[in-house]
Amino acid sequence: MKGLTLSNLEKACGGTLYYAKKKTQEEAACVVIDSRRIEAGGVFIATKGERVDGHSFIPQVFEKGAMAVVCEQLPEQPYGPCILVKDSFRALTAIASFYRQQLDCTIVGITGSVGKTSTKELIASVLRSGYETCSTEGNFNNEIGVPLTILRIREQHKYAVVEMGINHFGEMTRLSAIVKPDIAVLTNIGDCHLEALGDRPGVLRAKTEIFASMNAQGTVVINGMDDQLCTIGEVNGKRPIRYALQPEGCADGKEAAYTAEVAAEGALEGSDVWISGPDGLRFQAHVPLPGRHMVLNALAATAVGCLAGLNAEQIKKGIESVQAVGGRSRIVSAGAYTLIDDCYNANPTSMRAAIDLLCRANGRKAAVLGDMFELGAEELALHAGVGRYAKEKAVDVLLCAGKLSEAMAEAAAGMEVYHFASTEELREHAAEYLQPGDTVLIKASHGMHFEQIVEHLTAQDHRKP
Numbered sequence: 000m001k002g003l004t005l006s007n008l009e010k011a012c013g014g015t016l017y018y019a020k021k022k023t024q025e026e027a028a029c030v031v032i033d034s035r036r037i038e039a040g041g042v043f044i045a046t047k048g049e050r051v052d053g054h055s056f057i058p059q060v061f062e063k064g065a066m067a068v069v070c071e072q073l074p075e076q077p078y079g080p081c082i083l084v085k086d087s088f089r090a091l092t093a094i095a096s097f098y099r100q101q102l103d104c105t106i107v108g109i110t111g112s113v114g115k116t117s118t119k120e121l122i123a124s125v126l127r128s129g130y131e132t133c134s135t136e137g138n139f140n141n142e143i144g145v146p147l148t149i150l151r152i153r154e155q156h157k158y159a160v161v162e163m164g165i166n167h168f169g170e171m172t173r174l175s176a177i178v179k180p181d182i183a184v185l186t187n188i189g190d191c192h193l194e195a196l197g198d199r200p201g202v203l204r205a206k207t208e209i210f211a212s213m214n215a216q217g218t219v220v221i222n223g224m225d226d227q228l229c230t231i232g233e234v235n236g237k238r239p240i241r242y243a244l245q246p247e248g249c250a251d252g253k254e255a256a257y258t259a260e261v262a263a264e265g266a267l268e269g270s271d272v273w274i275s276g277p278d279g280l281r282f283q284a285h286v287p288l289p290g291r292h293m294v295l296n297a298l299a300a301t302a303v304g305c306l307a308g309l310n311a312e313q314i315k316k317g318i319e320s321v322q323a324v325g326g327r328s329r330i331v332s333a334g335a336y337t338l339i340d341d342c343y344n345a346n347p348t349s350m351r352a353a354i355d356l357l358c359r360a361n362g363r364k365a366a367v368l369g370d371m372f373e374l375g376a377e378e379l380a381l382h383a384g385v386g387r388y389a390k391e392k393a394v395d396v397l398l399c400a401g402k403l404s405e406a407m408a409e410a411a412a413g414m415e416v417y418h419f420a421s422t423e424e425l426r427e428h429a430a431e432y433l434q435p436g437d438t439v440l441i442k443a444s445h446g447m448h449f450e451q452i453v454e455h456l457t458a459q460d461h462r463k464p
C-alpha cells in the first residue's frame, strides 16, 4: 500500500510506536479491523466493539505475519510493532485520509436517500468494462466502512466507487474529507433521517456536504427528476450533469444531458431502454434490475462511464452484467412465492417505489412491511401515508409489523390488512396469509431485521406445495 510505512502510519494517526526494532521502509500489505482478514505484512487496527475487543486478537495477528498493530492499549508481551493511540477509530480515519492522498485513481462518491447501493453496483459494473475498479463492499458506507473502502484501493485500480451514507449533519463533511471524490453522484433526496435532518431541504443540505472536499475540477452528476437536486446551480463554478427519463424529463423543465426511453418494461425482469447522451451517444440496453428507478440508476452509470471515456458498447456491457444485491430489490424464487427482497432499509420514498415495483407483478400481490425509523415528529403520518399508498395501488394483502406500523395498518383499513406486534410474530404467521403464486414484497428499516422473514419464507420446510 503506497506510502504506508511504519513511520508514516505513526505520523498519520498521531500515535507512538513501541516494540519496533527498526523503522523499515516496508509498506503495509493491507489495513484491517477484522483479525480474520489480516495478511502477512498487514496492519491490524484493534478496535473495541459491543461484543468483541480486537485487542484480544493481537497475538494471533502477529502469528499470521502482521507488520504492525494500531491499538489503544499495549499487549502484555512485545509480540511485534505496536502504535499506541487514544482512539482506534479515529486512527482508522486518519490512516485512510493519509492513504487517500497517496492514490492516483479517480474516485466516484455516491450519496442520496434511495438507490445508493444499486447505483454503486451499476457504476462499478460499467467502469469494470474498461478499467480495474474497486468499490464499496456490502453496506460499508458509514464512518467506519468508508475508510475501510479507501484502504482496499490498490495501485492497479484506475477507479474506485465509494458509497457514502449519513444520518446527521456534519457526517458527510467528514466522509468527504476522507474520500475527496473526483466525481460526486447524487441519486435523490427523500424523506429519510428526518429525526436529525428535519425535512427534505435539510436532507439536501446534509447530502450536498459531499461537495466540501471534492476535487475542485471534479464533476457532479445528479438525478434531474428530483425537485430538490434541481436547486443545485453550480459546484465549484461548474453546472452538474443531469439525467432523466423521457418523456417525464427534469423536474424544473430543463434538459438533461443523459436520457432514457423505456422501450419495454417486464414485470420483474427489468427494462429494455434506449439511452441517449452528448456527442450522438445512443444505444439500446437491458437493465436487468427491476423498476424504473433502476433505469435512472443506469443513466447515472452511463454518465460516469462517459466521463471515464468508455464507449457505448462498454457501457452497455456493464449495465447488462450488473448483479442484484441481497436486501435491495432482489427477486427470489421461494417455492410457492416470488419474493421481492428489499429488506435492507426503508423510508417513505423507497417504500412507495417498492410498492410500485410490486404492483407491476402478475397475479396476487402481498406487501410485508415494517417500521421506518428516524423520521422525526411526522413519523406516524409518514407511516400512514405508506398504508394509504398500498391501498390506492390495490395491493391485495398488507402485513405490517412494529409499533409505528400500526398507523400504516389503520390507514389501509378497507383492504385486507393485518398488523403484528413484532417481526418475530409476523415471521411465524406470514405464510398463513399468503397464497401459492403470490408475489411478496418484504421491506422495513434495517433495525426490524426483516431478513429473518426472507429466510423463513425461502426455507424448504415453509414452502407451500
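Going by numbering that gives the first Met the number 0, the sequence shown opens with residue 0, and the numbers climb by one from there.
Virtual Cβ for every residue (Gly too), placed ideally from N, Cα, C.
Since this is a predicted model, take the numbers as computed values, not measurements.
Does DSSP put E319 in a helix, a strand or coil?
DSSP places E319 in helix when its eight states are reduced to three.
Buried or exposed: where does V51 fall if 16 or more other Cβ atoms within 10 Å of its Cβ makes it buried?
Its Cβ having fewer than 16 others within 10 Å, V51 is exposed.
Quick one: residues in its chain with C-beta nearer than 8 angstroms to the C-beta of E25, no 5 flanking neighbours on either side, listed in chain order?
So the list reads T4, L5, G40, M66, once near-sequence residues are dropped.
Between Q313 and G304, which are expected to be in contact by the criterion C-beta below 8 angstroms, what is the C-beta distance as a whole number of angstroms?
About 7 angstroms separates the two Cβ atoms, so the contact holds.
Apply the 10 Å Cβ neighbour rule to K119 and answer buried if 16 or more other Cβ atoms are within range, or exposed otherwise.
Burial call: buried.
Would you check whether the ligand MG has a heavy atom nearer than 7 angstroms to the C-beta of Q434?
The ligand MG is not among the ligands present in this structure, which contains no ligands whatsoever.
Should N7 be labelled buried (16 or more other beta-carbon atoms within 10 Å of its own) or exposed?
By the neighbour-count rule (16 or more Cβ atoms within 10 Å), N7 is buried.
Hey, how far is the Cα of L456 from the Cα of A430?
One C-alpha to the other measures close to 7 angstroms.
Based on DSSP bridge pairs, tell me the residues matched to N222.
In the DSSP output, where bridge partners are listed per residue, N222 has Y242.
Which residue wins for smallest C-alpha separation from I274, given the options N361, V286, L267?
If we check each option's Cα against that of I274, V286 comes out closest.
Any chance the segment 139-151 sits against the segment 219-226, with 3 or more Cβ pairs inside 8 angstroms?
Contact fails: fewer than three Cβ-Cβ distances are below 8 angstroms.
With 16 other CB atoms within 10 Å as the buried threshold, where does H428 fall?
Looking at its Cβ environment, which holds fewer than 16 other Cβ atoms inside 10 Å, H428 is exposed.
With DSSP collapsed to three states, give me the class of D355.
D355: helix per DSSP, three-state reduction.
Just verifying my parser: in three-state terms, what is the DSSP assignment at G41?
Here G41 sits in coil by DSSP.
I'd like to know if the segment 320-338 and the segment 100-112 are in contact, where contact means that at least 3 CB-CB pairs between them fall below 8 angstroms.
At 8 angstroms Cβ cutoff, the stretches do not touch.
Write down the C-beta distance between M256 and P277 rounded to the nearest angstrom, noting that I regard them as a contact closer than 8 angstroms.
Residue 256 is actually Ala in this sequence, not Met. Yes, they are in contact, since the Cβ atoms of A256 and P277 sit about 6 angstroms apart, within 8 angstroms.
Could you give the residue range of the beta strand (DSSP E) that holds C133?
132-134 is the span of the beta strand (DSSP E), which, as asked, contains C133.
Return yes when the Cβ of V234 is within less than 8 angstroms of the Cβ of V220, no when it is not.
No, these two residues do not count as a Cβ contact at 8 angstroms.
Based on the DSSP output, what are the partners of F419 in its beta bridges?
F419 is bridged to A400.
Rounding to the nearest angstrom, what Cα-Cα distance links A411 and D341 in this structure?
Cα to Cα, the separation comes out at about 21 angstroms.
Under the DSSP definition of a beta bridge, which residues are partnered with V523?
A question about residue 523 goes unanswered here, because the residues of the chain that appear run from 0 up to 464.
Given a cut-off of 8 angstroms, decide if L368 and L403 are closer than it, judged by their beta-carbon atoms.
Contact: no.
Spatial neighbours of L356 within its chain, please: CB distance less than 7 angstroms, with the 5 preceding and 5 following residues excluded, ordered by chain position.
Answer for L356: P289, G290, S328, I339, listed in chain order.
Using a 10 Å radius around the Cβ and a threshold of 16 neighbouring Cβ atoms, would you call R36 buried or exposed?
So R36 counts as exposed.
Which one of H445, A90, Y18, M163 has the shortest CA to CA distance from F210?
The shortest Cα separation from F210 among H445, A90, Y18, M163 belongs to M163.
Tell me whether S124 is buried or exposed, calling it buried when 16 or more other Cβ atoms sit within 10 Å of its Cβ.
Counting Cβ neighbours within 10 Å, S124 comes out buried, since at least 16 surround it.
Please list, in chain order, all residues of the same chain as G375 whose beta carbon is under 6 angstroms from its beta carbon, the five residues on each side excluded.
Around G375: L193, E194.
Going along the chain, which unbroken runs of the beta strand (DSSP E) with 3 or more residues stay wholly within the segment 0-59?
Those beta strand (DSSP E) runs which fall completely within the segment 0-59 and span 3+ residues are 15-17, 42-44.
Between the C-alpha atoms of V42 and T132, what's the straight-line distance to the nearest angstrom?
Answer to the nearest angstrom: the Cα atoms are 23 angstroms apart.
Would a C-beta distance cut-off of 8 angstroms place T349 and G189 closer than the cut-off?
According to the sequence as given, residue 349 is Ser; it is not Thr. In contact: S349 and G189 (Cβ atoms closer than 8 angstroms).
Between the beta-carbon of F419 and the beta-carbon of A400, is there less than 8 angstroms?
Taking 8 angstroms as the Cβ cut-off, F419 and A400 qualify as a contacting pair.
Beta-carbon within less than 8 angstroms of V409's beta-carbon, same chain only, minus the 5 sequence neighbours each way: which residues are those?
One detail in the question is off: residue 409 reads as Glu in this sequence, not Val. So the qualifying residues of the chain are A383, G386.
Return the first residue and the last residue of the beta strand (DSSP E) that A259 is part of.
Residues 257-264.
Distance, Cα to Cα, Q434 vs V396?
Computed Cα separation, rounded: 10 angstroms.
Keeping to the same chain, check which residues put their C-beta closer than 7 angstroms to that of F372; ignore five residues upstream and five downstream.
The residues are S444, G446.
According to the Cβ coordinates, are L295 and Y242 closer than 8 angstroms?
It is a contact, given that the beta carbons lie within the stated cut-off.
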